[in-house]
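**Q**
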Amino acid sequence: MPGPLDKLDRRIVAALARDGRRTFRDIARELDISEGTVRFRVTRLQEEGLIRVTAVGSPLALGVEVYAMILIRVKPGHVKEAGTILSSYPNVRFVGSAFGSVDLFIQTLHRDTRDLHRFVSEELPQRIPAITSIETCQLAEVLKSTWTWGDWFEYLDGADAAREPLQEAAEA
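So in the numbering used here the end of the sequence shown lands on 173, straight run, no missing numbers.
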């Protein structure tokens, strides 16, 4: 099983997230490391399935009019089965099992509100009879949506730095 990304891996991933077409040489210059180090680490991260460099389209430009977050409850013992079925839909962008008052949380994209209504009221109950309740939250406006990891890594590195003195004291 691959280990967690170290600080240098995170800096390389952040650089690629800002612009996936950047050359290894350009990233190496920015990070003050060798091009070979960047190439080796990116290749390793890709082979271990930890990163994938891809294009991310603008949903608005791609014809998405409606975003929805849908909370689903299913009969006991049916979470994995329902999750597998939900994962097969091309308009379902995220599926996660959850603790608490819902079993599954999904993010969906739709052409319009009629499409969302049909999906929630007809398609899901017919395909997944184990559903016991559905709560739909149609997004009015997306306030933040990011595919970059730079600020997350800064957050992690800041948390790591805050813990370091505590770890040193604990080891003493």
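Where is the CB? At the ideal position from N, CA and C, for every residue including glycine.
Taking ALA29 as part of the alpha helix (DSSP H), name the residues at either end of that continuous run.
**A** 25-32 is the span of the alpha helix (DSSP H), which, as asked, contains ALA29.
**Q** Beta carbon of GLU118, beta carbon of ALA69: below 8 Å?
**A** The question names Glu, yet the displayed sequence has His at residue 118. No, the Cβ-Cβ distance between HIS118 and ALA69 is not below 8 Å.
**Q** Quick one: Cα of LEU17 to Cα of THR55, how far?
**A** Each residue's alpha carbon lies about 10 Å from the other.
**Q** Using 8 Å for Cβ pairs, my map puts LYS76 next to THR133. What's the rounded Cβ distance?
**A** Right, the Cβ-Cβ distance comes to about 6 Å (below 8 Å), so this counts as a contact.
**Q** Examine the Cβ distances between the region 113-129 and the region 80-94 and report whether three or more of them are shorter than 8 Å.
**A** Flag = yes, the region 113-129 and the region 80-94 touch.
**Q** Pull up the DSSP beta-bridge partners for HIS111, would you.
**A** Partner(s): VAL67.
**Q** Which of the three DSSP states is assigned to ARG53 in this structure?
**A** ARG53 falls in the coil class under three-state DSSP.
**Q** Pull up the DSSP beta-bridge partners for SER98, would you.
**A** Partner(s): LEU105.
**Q** Does the beta-carbon distance from ARG11 to PHE106 come in below 8 Å?
**A** For ARG11 and PHE106, no; Cβs fall outside 8 Å.
**Q** Apart from the five residues on each side of it in sequence, which residues of its chain come closer than 7 Å, Cβ to Cβ, to GLY37?
**A** Result list for GLY37: empty, nothing under 7 Å.
**Q** Need the endpoints of the alpha helix (DSSP H) that GLU48 sits in, please.
**A** Here the alpha helix (DSSP H) through GLU48 covers 36-48.
**Q** Do you know how far the Cα of ALA15 is from the Cα of ILE28?
**A** For ILE28 and ALA15, the distance between alpha carbons rounds to 10 Å.
**Q** Buried or exposed for PHE41, please, with buried defined as at least 16 other CB atoms from any protein chain shown within 10 angstroms of its CB.
**A** Exposed, because fewer than 16 other Cβ atoms sit within 10 Å of the Cβ of PHE41.
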